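Trainee:
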């Protein structure tokens, strides 16, 4: 049970509310239509079940891909996320329904409003022209993508901050007996390692705060990563000791610094090595994981909705989300006061964002499909706008609940998971935007282009 594993559990708490929000929104619609509570609950579940299944299946597919391609803590995140998806689905579809139907059958049952006095009129009778808004939404989305691609150009902002998982190297968690300044420690260690870097290899040494206090850091370096000498580990630890001993309040021997059994309160608390070949394997698996997720989701939407336009719209939105987050990480990693490494945890975050974004998009597409069936003679633009406005309350509720949970993890979850959660926070914001203003409008434009071509061919 690692920090990513715990994050999977807490993220489940944030996203598990989505199915209930979908159900309660549909029940509330049935109540407004004049049905009694018992009939509204029955019809509300019938109306919501399709969207719930589609949303959970796409998230589950992402989790399975993550479990197949991920290793170590990422597999732990995937397993807890999968368990959370399945358990929350069963809870919403069966347990919630049993409880509500049992309550509605009671003679003394009071009418449940499925809302509060404050939120009663939120997002009701909305008529926002989402399809028409694509005139400004496309340029905004395009500008964000271009900005992100510029950020990914190594000649402008520099290379991505690849973690040890992808670049190869060593990680050491070191605890001091007093608060220290990470910049001072990094300067000292860089000078020490640079003196020994006789081969002239591209040396990187990074020091970041690890934990809630300023007395513990994580030191990362790729120093002589291709060297397989048996004594190299001791040599590197000696160099780290030489570069950090001045920051201890009390004198410390190398033996005390090196072995946590001698002094478990200070010194090296944890170490990790990832060789170049393993790093390449992990990097390859990560790329395949993201590509596999995109392909599987594309095919599922194509099969489920039987319309190529929906698949393209969803894929465009996912591309939009992924590129922007990657670009922001390339631009911000030197600015932010926490680690923003591109590692396995980041790939887990990207796949989670893909799952979350497609979840939102599928719910909207499901309502569009429903309106197309109910009102086949209406203009396609109106059905899409009505579907987006009808699901706006659910989109806001789910996004806000997930964002609040992630914000709590970001603030209180510890330094080692902060970069991971930051990607998820960005994903909630960017994913909500793309679901409303990218996926559906693109699907509309493709459908309109196909319809126009058929009309010309018929003439």
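Numbering (my numbering), first residue to last: 122 to 580.
Even glycine gets a Cβ: it sits at the ideal position worked out from N, Cα and C.
As the structure is a prediction and not an experimental result, all values here were calculated from the model.
If you drop the 5 nearest sequence neighbours on each side, which residues of the same chain put their C-beta closer than 6 Å to that of residue 118?
Mentor: Here the chain comprises residues numbered 122 to 580, so residue 118 is not present and cannot be evaluated.
Trainee: The beta strand (DSSP E) spanning residue 443 covers which residue range?
Mentor: No beta strand (DSSP E) contains residue 443, which is instead part of the alpha helix (DSSP H) from 429-453.
Trainee: Whose C-beta lies closer than 6 Å to the C-beta of residue 571 among residues of the same chain, with five residues either side of it excluded?
Mentor: none
Trainee: When DSSP labels each residue in this structure, what does residue 319 get in the three-state scheme?
Mentor: The DSSP-derived three-state label of residue 319 is coil.
Trainee: Please classify residue 565 as buried or exposed, where buried requires at least 16 neighbouring CB atoms within 10 angstroms.
Mentor: buried
Trainee: For residue 339, does the three-state DSSP call read helix, strand or coil?
Mentor: In the three-state reduction of the DSSP assignment, residue 339 falls in the strand class, which pools E and B.
Trainee: Mind pulling the alpha helix (DSSP H) runs of 4 or more residues that sit fully within the region 194-252?
Mentor: 194-211 and 217-226
Trainee: Let me know the secondary structure DSSP gives residue 498 once reduced to three states.
Mentor: coil
Trainee: Run through the region 501-535 for me and flag every whole alpha helix (DSSP H) of 4 or more residues, listed as ranges in chain order.
Mentor: 501-511 and 513-533
Trainee: How long is the line joining the alpha carbons of residue 561 and residue 368, rounded to whole angstroms?
Mentor: 56 Å
Trainee: Between the beta-carbon of residue 514 and the beta-carbon of residue 146, is there less than 8 Å?
Mentor: In this structure, residue 514 places its C-beta atom within 8 Å of the C-beta atom of residue 146.
Trainee: How is the alpha helix (DSSP H) around residue 363 delimited, first residue to last?
Mentor: 353-365
Trainee: Just how far apart, CA to CA, sit residue 440 and residue 411?
Mentor: 11 Å
Trainee: Just the Cα atoms here: how many angstroms apart are residue 359 and residue 481?
Mentor: Put simply, the backbone Cα of residue 359 is about 52 Å away from that of residue 481.
Trainee: For residue 302, name the three-state secondary structure that DSSP assigns.
Mentor: coil
Trainee: Would residue 456 be called buried (16 or more neighbouring beta carbons within 10 Å of its own) or exposed?
Mentor: exposed
Trainee: Compute the Euclidean distance between the alpha carbons of residue 168 and residue 433, then round it to the nearest angstrom.
Mentor: 26 Å
Trainee: Classify residue 442: buried if its beta carbon has 16 or more other beta carbons within 10 angstroms, exposed otherwise.
Mentor: buried
Trainee: Taking only the alpha-carbon atoms, compute the straight-line gap between residue 496 and residue 559 and give it to the nearest angstrom.
Mentor: For residue 496 and residue 559, the distance between alpha carbons rounds to 23 Å.
Trainee: Alpha helix (DSSP H) containing residue 394: first to last residue?
Mentor: Where residue 394 is concerned, there is no enclosing alpha helix (DSSP H), although the beta strand (DSSP E) it sits in stretches over 388-395.
Trainee: Report buried or exposed for residue 272, applying the criterion of at least 16 other Cβ atoms within 10 angstroms of its Cβ.
Mentor: buried
Trainee: To the nearest whole angstrom, what separates the beta carbons of residue 541 and residue 469, a pair I think is in contact under 8 Å?
Mentor: 7 Å
Trainee: Is the beta carbon of residue 270 closer than 8 Å to that of residue 448?
Mentor: yes
Trainee: So who's on the other strand from residue 293, going by DSSP bridges?
Mentor: DSSP lists 340 and 392 as the beta-bridge partner residues of residue 293.
Trainee: Roughly how many angstroms separate the alpha carbons of residue 347 and residue 355, rounded to a whole number?
Mentor: 16 Å
Trainee: Once you ignore the five residues that flank residue 383 on each side, which residues in its own chain have a CB closer than 7 Å to its CB?
Mentor: Because residue 383 sits at a pLDDT of 47, beneath the cut-off of 50, its placement in the model cannot be relied upon, and the following sentence gives the value as read from the coordinates. Here the set comprises 376 and 377.
Trainee: Where does the unbroken beta strand (DSSP E) through residue 330 begin, and where does it stop?
Mentor: 326-330
Trainee: What's the C-alpha gap between residue 306 and residue 319?
Mentor: Taking the straight line joining both Cα atoms gives about 22 Å.
Trainee: Decide yes or no for the touch test of the region 510-524 against the region 420-434: beta carbon pairs closer than 8 Å, at least 3 of them.
Mentor: no
Trainee: Within 8 Å, do at least three Cβ pairs link the region 243-255 to the region 497-517?
Mentor: yes
Trainee: Whole angstroms are fine: how far does the CA of residue 173 sit from the CA of residue 120?
Mentor: Residue 120 lies beyond the residue range present for the chain, which begins at 122 and ends at 580; the question has no answer from this structure.
Trainee: State the Cα-Cα distance for the pair residue 465 and residue 159, rounded to the nearest angstrom.
Mentor: 48 Å
Trainee: What separation, rounded to the nearest whole angstrom, lies between the Cα atoms of residue 407 and residue 286?
Mentor: So the alpha carbons of these two residues sit roughly 10 Å apart.
Trainee: Distance, Cα to Cα, residue 185 vs residue 474?
Mentor: One C-alpha to the other measures close to 14 Å.
Trainee: Quick check: the region 289-309 against the region 255-269, are at least 3 beta-carbon pairs closer than 8 Å?
Mentor: no
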